[in-house]
Each structure stands twice: as structure tokens, then as C-alpha cells.
Amino acid sequence: MDILDLTITQLHDGFVKKQFTSVEVTKAYLDNIKKTDSEIGAYLSVTEDLALAQAKKADKIIASKKDFPSLTGVPCSIKDAILVEGEKCTAGSKMLENYIAPYDATVIKNLKNNGAVILGKTNMDPFGFGSSTENSAFKVTKNPHDKTRVAGGSSGGSAASIAANEACYALGEDTGGSIRQPSSFCGVVGLKPTYGAVSRHGVFAYGSSLDQIGPMAKTVEDAKIIFKVIFGKDPLDATSVDYKFSNQESSMKGMRIGVPKEYFAKGLDPEVEKIIKNAINRAKENGAKIVDISLPNLKFALACYYVIAPSEASANLARFDGIKYGLSEQAGKDLLDVYVKSRGKGFGAEEKRRIMIGTYALSSGYYDAYYKKAEEVRQLIKQDFQNVFEKVDVIFCPVSPVPAFKIGEKADDPLLMYLADIYTISLNLAGLPGLSLPAGKIDKLPVGLQIIGNYFEENKILSVAGLMEKMLL
Ligand code: GLN
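In C-alpha cells:
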């Protein structure tokens with residue numbers, strides 16, 4: 005088997021048995037990036053020196069210790085919204101084209117403490133604004149399964165890097181689906197944790213009440229290993245919480261799986277539906293109890309999200325003014341002119357669109373009508389899920405109504421692009437965890453099954469996903 009096909013667990017095994025070294029594995033990945041990435045475009049920067057230094061360090065640990073963490077020596081990629089000290093961090097925006105991260109995000113500290121090897125920073129829609137990486141200021145990431153199609157977004161580079169064997173695993177960030185949707189499009193496993201499960205310290209904020217960092221990997225087992233390294237309370241993020249990750253394994257027998265009727269309505273590609281229904285049937289054959297459920301307020305989720313997310317984004321992006329932060333056009337006639345010119349040049353069309361929608365929704369006179377109303381509707385959506393979780397253990401549904409679409413297909417129509425998020429954003433509004441599991445293919449295009457759990461039940465989601473993964477093989 006090719007070294008690049010190995011999972012985290014398999015690489016760990018190989019290190020234990022001294023079959024290869026981390027430097028060898030890392031070099032194999034770097035070579036493949038050089039060979040493949042000019043075509044795929046998964047990376048915005050490759051951190052070769054850092055990767056090789058970390059690999060050497062990892063090899064010392066592997067040689068001297070009997071027991072070392074699973075991530076030691078295993079090469080990964082990081083979404084370019086997450087700070088890695090001393091390396092470029094652009095968040096996919098021209099505004100941050102030359103920004104060097106002055107410190108490590110907490111998740112990066114955690115990875116480094118576990119001996120991780122960081123190969124580079126991956127492409128994304130600017131600040132997470134998008135569903136295809138087509139909004140990136142730098143390039144479009146292509147889907148490794150069909151290069152005429154998008155890899156998804158906004159964490160498209162992270163997903164594609166795994167699918168193209170340019171990284172063993174990745175970190176992504178999900179505000180409205182940005183981990184799950186590209187994972188679905190690229191055929192990898194992606195987990196968006198419960199809001200508060202993982203520290204957001206050191207990640208460029210998009211929507212602060214929605215954002216979560218999470219793992220993307222080749223297998224469920226790998227995703228679990230990464231999650232266990234990054235989750236937990238961080239004094240530097242007041243919204244992060246302490247909780248115990250139980251290792252209890254679930255059984256399909258008697259598992260109550262909710263299937264929301266609203267997710268199987270108009271707009272869902274019949275081929276995607278077939279794959280998801282097949283997964284549900286497999287669970288049923290293995291003893292699960294399928295429960296028809298309804299989330300009546302789901303129909304408001306998209307409208308609600310596209311008020312709240314841009315509102316928070318417009319506030320978060322106010323700091324990029326060319327003085328405190330970011331691209332700076334110093335040749336202005338006064339301070340306001342510097343602000344206007346810097347923001348005008350640094351932000352792309354989608355960033356401007358979001359800032360304008362958000363600023364409008366937050367402005368005095370409109371705040372009550374839009375932002376406050378959206379927050380009220382958000383509570384209804386949350387309540388819908390809470391009612392459902394009294395009757396079921398997990399929910400099964402599609403991640404995206406369609407498989408990876410053609411590059412350019414939706415690029416000129418922002419509303420059509422926003423519609424692609426219909427199945428993922430409700431979880432962010434509710435703060436719930438969800439995972440995308442490869443469940444089948446339409447020709448060569450992967451389709452993901454979304455498994456949703458109750459708050460802080462990542463263990464249950466991962467355990468159910470592990471069972472499904474075996475059944476769907
Ligand atoms: N596609 C959604 C958006 O554009 C979600 C992106 C994300 O999760 N960062 O807002």
C-alpha cells in the first residue's frame with residue numbers, strides 16, 4: 005500500500021513498528037504536493053521547513069518513547085483561517101495577503117503538543133464566506149474526484165488536500181456547513197463539533213456565535229483521534245466549555261434514528277436521496293428504529309442565518325481598517341480616506357456584500373426588524389431540535405441537496421450559492437454537532453450522510469458514524 009493512502013492509525017502503527025520514519029512520510033507528502041497541487045489548488049502556502057523540522061522532532065520522540073500520541077509524526081493541513089505562529093495566514097482574503105501569524109491558535113498548540121506535522125495552509129472562501137472556494141482571493145480549489153467541479157467550501161482546500169493525498173488529515177472551520185459540505189463533496193469525514201466544544205482562540209472570526217473548528221479525515225476513527233486532541237475548555241475562549249468525552253460505544257440495535265421530513269423535500273437531487281435512504285435502510289436492517297420527525301421551523305433557517313451570519317461578520321471585519329490591521333493604502337488625503345481605500349482594495353465582492361447586508365441589518369431602526377427577529381427565530385429552530393431529541397438519539401439526513409457542482413455554475417448567483425447550505429446551517433444556528441460521512445457516489449462524485457447529535461454528544465455521533473462506515477463499505 006502507498007504510504008499516502010494510510011490513515012492516522014495506520015501511520016501510527018507503522019511508526020511503532022519502525023516501518024518508516026515521519027521524515028520519510030512527510031517528504032512523500034511534500035513530493036506529492038509538488039506534483040499534484042498545481043492542478044488541485046488545495047494549498048495557499050506550503051510550510052515545508054516547519055513540516056520537516058516537526059517531522060525530525062517527531063522521529064526523536066518515536067525513537068525514544070514506547071508510548072507516544074497518535075498524531076505524532078502524522079502530516080496534516082490547516083485551513084488558512086487558523087493561526088500557525090510565524091506562517092502566513094490570509095483567511096483567503098487579499099486583506100491579509102501578507103499577514104504573518106504572531107502566535108499559535110489554541111488548536112494548533114494542541115496539535116503541536118501531540119507531535120503533529122503541519123504541511124501547510126489550505127485554500128478557503130475569504131473569512132469563510134462561500135460554499136465552493138470560488139470566492140477565494142487567490143484561486144479556486146478543484147475537486148480531486150472531478151477537476152471540473154468545486155471541492156466545496158469554505159474549507160474546500162482542507163477537504164481536497166485529504167482527497168488528493170496531499171495531507172493525512174486537516175483542520176477546518178464551520179460557520180454554516182464549511183466542514184461538512186466540502187467533506188461531503190470530496191468524500192472525507194468531517195465533524196462540526198458542538199458550539200463551545202473547541203476553542204476559537206486564534207481563528208479569524210466569521211460569525212462568532214456560529215463558528216467552530218473541527219477535524220476532517222479519511223476515517224471516523226481518525227476524526228475521533230483529532231477531536232480528542234482539540235476539544236476542551238480554553239481560558240482564552242470564554243465560550244469554550246469543559247466536558248467529558250465518553251468512550252462508550254453505541255450499538256445499532258435499538259438506536260433511534262430521526263429522519264426529518266423537511267430534509268427530503270423539493271430541491272433534493274433524487275440520486276442523493278437514494279444514497280441517503282439506502283444508508284437509513286442499512287441502519288434499519290441492523291436493528292435501528294427509524295422515527296419520522298419534523299422540524300417545522302427549518303424553513304426559516306436560511307433566511308435567519310443570512311441575517312445573523314453577515315451581521316456578526318460585519319462587526320468582526322470592522323477591525324480591518326488598514327491602520328490596526330490588514331492591507332493598508334497609506335496614500336489617503338485623511339484618515340477616513342485611508343480606511344475607505346484600504347477596505348475598498350482589501351475586500352473582495354463577497355466580503356463587501358456580507359458587510360453591507362450585516363451593517364444594514366444591525367443599523368439603528370432596522371436592528372429590531374432584522375437581527376433581533378432572526379435571533380428570535382433562531383430560538384424556535386433550537387427548540388425544534390430539542391423537541392426531537394426527546395424522541396431520538398441521532399438524526400440522519402443529507403449534507404447537501406446536490407453533489408459537487410461545476411466550477412462557475414453558481415458563481416454569478418449568490419442566492420443560488422446560499423441555497424446550497426440549506427441542510428447544514430440549522431445546526432450552527434442551534435449550536436449542535438454534526439458529521440459528514442461518505443455514504444456513496446453518483447458516478448465518481450461522493451455524497452455525504454449527515455449525522456446530527458444532541459449537544460456535546462460527539463461521542464455518540466462518532467460511534468454511530470463508525471458503525472455506519474462499516475456497513476456502507
Ligand atoms: N457557505 C456558508 C456561508 O457562506 C457557510 C460557510 C462557513 O461555514 N464558513 O456563510
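Be aware that the sequence shown starts at 5, since it is given in the numbering used here, and climbs by one per residue.
Beta carbons are placed, not taken as given, at the ideal position from N, Cα and C, and that holds for glycine.
Here the structure is a predicted model, which means the values were calculated and not measured.
Taking the straight line between their C-alpha atoms, what separation do you get for Lys70 and Asp17? Locating residue 70 in the sequence shown gives position 66, where the first residue counts as 1. Locating residue 17 in the sequence shown gives position 13, where the first residue counts as 1. If you take the alpha carbons of Lys70 and Asp17, they lie about 12 Å apart.
Give the secondary structure of Val295 by DSSP, where H, G and I count as helix, E and B as strand, and everything else as coil. Within the sequence shown, numbered from 1, the residue matching residue 295 stands at position 291. Of the three classes helix, strand and coil, the one that applies to Val295 here is strand, per DSSP.
For Lys222, name the three-state secondary structure that DSSP assigns. Taking the sequence shown and counting its residues from 1, the one referred to as residue 222 is at position 218. Coil, per DSSP.
Assuming Thr488 and Asp226 are in contact, meaning their beta carbons sit under 8 Å apart, how far apart are those beta carbons, in whole angstroms? The structure shown does not extend to residue 488, since the chain is modelled only from 5 to 477, so the question has no answer here.
Given the structure, does Gly134 come close to ligand 1, in the sense that its CB is under 7 Å from one of the ligand's heavy atoms? As a first step, residue 134 must be located in the sequence shown, where it is residue number 130. Indeed, a heavy atom of ligand 1 lies less than 7 Å from the Cβ.
Would you check if the distance between the CB atom of Glu177 and the CB atom of Asp215 is smaller than 8 Å? Taking the sequence shown and counting its residues from 1, one reaches residue 177 at position 173. Taking the sequence shown and counting its residues from 1, one reaches residue 215 at position 211. The answer is yes: Cβ separation under 8 Å.
Straight-line CA distance for Glu380 to Pro450? Locating residue 380 in the sequence shown gives position 376, where the first residue counts as 1. Locating residue 450 in the sequence shown gives position 446, where the first residue counts as 1. Cα-Cα distance, rounded: 36 Å.
Assign Ser332 to one of two classes, buried (16 or more other C-beta atoms within 10 Å of its C-beta) or exposed (fewer than that). In the sequence shown, counting from the first residue as 1, residue 332 sits at position 328. With 16 or more other Cβ atoms within 10 Å, it is buried.
What is the residue span of the alpha helix (DSSP H) that Thr188 lies within? On the sequence shown, residue 188 is found 184 positions in, with the first residue counted as 1. In the sequence as presented, Thr is not what sits at residue 188; that position holds Ser. 184 to 190 is the span of the alpha helix (DSSP H), which, as asked, contains Ser188.
Hey, quick one: how far does the alpha helix (DSSP H) through Cys308 stretch, first residue to last? Here residue 308 refers to the residue found at position 304 of the sequence shown. Where Cys308 is concerned, the enclosing alpha helix (DSSP H) stretches over 305 to 320.
Three Cβ pairs or more, each shorter than 8 Å: is that satisfied between the stretch 43 to 51 and the stretch 81 to 90? For the pair of segments examined, the stretch 43 to 51 was found to touch the stretch 81 to 90: the number of CB pairs separated by less than 8 Å reaches three.
Residues bridged to Glu177 by DSSP? As a working mapping, residue 177 is identified with position 173 in the sequence shown. Beta-bridge pairing links Glu177 to Ile217.
Is Tyr343 near ligand 1, going by C-beta to nearest heavy atom under 7 Å? Along the sequence shown, read from residue 1 onward, the residue named residue 343 stands at position 339. False, no ligand heavy atom lies under 7 Å from that Cβ.
Going by other Cβ atoms of all chains shown within 10 Å of its Cβ, with 16 needed for buried, is Glu253 buried or exposed? Residue numbering aside, residue 253 sits at position 249 when the sequence shown is read from its first letter. Exposed, because fewer than 16 other Cβ atoms sit within 10 Å of the Cβ of Glu253.
Indicate whether the contact test is met: 3 or more Cβ pairs, each with one atom in the stretch 359 to 376 and one in the stretch 115 to 130, closer than 8 Å. Contact fails: fewer than three Cβ-Cβ distances are below 8 Å.
Could you name the residues that DSSP lists as bridge partners for Ile361? Your numbering for residue 361 matches position 357 in the sequence shown. Paired residue(s): none; Ile361 is not in a bridge.
6 Å Cβ shell around Ile234 - same chain, five flanking residues per side excluded: Residue 234 sits at position 230 when you count from the first residue of the sequence shown. A distance below 6 Å between beta-carbons, with the five flanking residues on each side excluded, links Ile234 to the following residues of its chain, in chain order: Val111, Asn114, Val202.
Does DSSP put Lys410 in a helix, a strand or coil? By one-based count along the sequence shown, residue 410 stands at place 406. Residue state, collapsed to three classes: strand.
Quick one: measure Cβ to Cβ for Phe131 and Tyr247, integer angstroms, because I've assumed they're closer than 8 Å. On the sequence shown, position 127 is the one that residue 131 refers to. On the sequence shown, position 243 is the one that residue 247 refers to. Rounded, the Cβ-Cβ distance is 28 Å, inconsistent with contact.
Measure the alpha-carbon distance for Leu54 versus Ile166 and round it to whole angstroms. Here residue 54 corresponds to residue number 50 of the sequence shown, with the count starting at 1. Here residue 166 corresponds to residue number 162 of the sequence shown, with the count starting at 1. Those two C-alpha atoms are separated by around 19 Å.
With Thr152 as the anchor, note down where its beta strand (DSSP E) starts and where it stops. As a first step, residue 152 must be located in the sequence shown, where it is residue number 148. From DSSP, the beta strand (DSSP E) with Thr152 extends over 150 to 154.
Taking the alpha-carbon positions, what's the Ala67 to Gln23 distance? Translated into the one-based positions of the sequence shown, residue 67 becomes position 63. Translated into the one-based positions of the sequence shown, residue 23 becomes position 19. Linking Ala67 to Gln23 through their CA atoms gives a straight-line distance of about 12 Å.
Does any heavy atom of ligand 1 sit closer than 7 Å to the C-beta of Lys352? In the sequence shown, the residue the question calls residue 352 occupies position 348. It should be pointed out that residue 352 corresponds to Gly in this sequence rather than to Lys. No, the beta carbon of Gly352 sits no closer than 7 Å to any heavy atom of ligand 1.
Is Thr478 near ligand 1, going by C-beta to nearest heavy atom under 7 Å? Absent from the model: residue 478. The displayed extent of the chain is 5 to 477, so no value can be given.
Cβ-based burial, Lys196 [other Cβ within 10 Å; buried from 16]: The residue given as residue 196 occupies position 192 in the sequence shown. Lys196 is buried by the Cβ-count criterion.
Tell me where the beta strand (DSSP E) around Gly124 begins and ends. Residue mapping note: residue 124 aligns to position 120 of the sequence shown, counting from 1. It spans 121 to 126 - the beta strand (DSSP E) in which Gly124 sits, taken as one unbroken run.
Please state the DSSP three-state secondary structure of Pro106. In the sequence shown, the residue the question calls residue 106 occupies position 102. The answer is coil: DSSP assigns Pro106 none of H, G, I, E or B.
For Phe268 and Glu275, believed in contact at Cβ under 8 Å, the rounded distance: Locating residue 275 in the sequence shown gives position 271, counting from the first residue. Locating residue 268 in the sequence shown gives position 264, counting from the first residue. Not confirmed; about 13 Å, so no contact.
Buried versus exposed call for Val29 [16 or more other C-beta atoms within 10 Å across all chains shown]: Numbered from 1 along the sequence shown, position 25 holds the residue referred to as residue 29. With 16 or more Cβ atoms within 10 Å of its Cβ, Val29 is classed as buried.
Out of curiosity, what's the CA-to-CA distance linking Val88 and Gln58? Taking the first residue of the sequence shown as 1, we reach residue 88 at position 84. Taking the first residue of the sequence shown as 1, we reach residue 58 at position 54. Roughly 13 Å separates the two Cα atoms.
Helix, strand or coil, according to DSSP, for Pro450 in the structure here? Counting from one through the sequence shown, the residue named residue 450 turns up at place 446. Looking at Pro450 - three-state DSSP - the assignment turns out to be strand.
Label Pro300 either buried or exposed according to how many other C-beta atoms from any shown protein chain fall within 10 Å of its C-beta, with 16 as the threshold for buried. Position 296 of the sequence shown holds residue 300. Exposed, since its Cβ has fewer than 16 Cβ neighbours within 10 Å.
Could you check what DSSP says for Asn139 in three-state terms: helix, strand or coil? Along the sequence shown, read from residue 1 onward, the residue named residue 139 stands at position 135. It is coil, neither helix nor strand.
Can you give me the start and stop residues for the beta strand (DSSP E) that Pro79 sits inside? Taking the first residue of the sequence shown as 1, we reach residue 79 at position 75. Segment 79 to 83, the beta strand (DSSP E) holding Pro79.
Which same chain residues end up closer than 7 Å to Ala168 when comparing Cβ atoms and leaving out the 5 residues on each side of it in sequence? The residue given as residue 168 occupies position 164 in the sequence shown. Excluding residues within five positions, the ones whose Cβ falls inside 7 Å are Thr40, Ile44, Ala46, Pro148.
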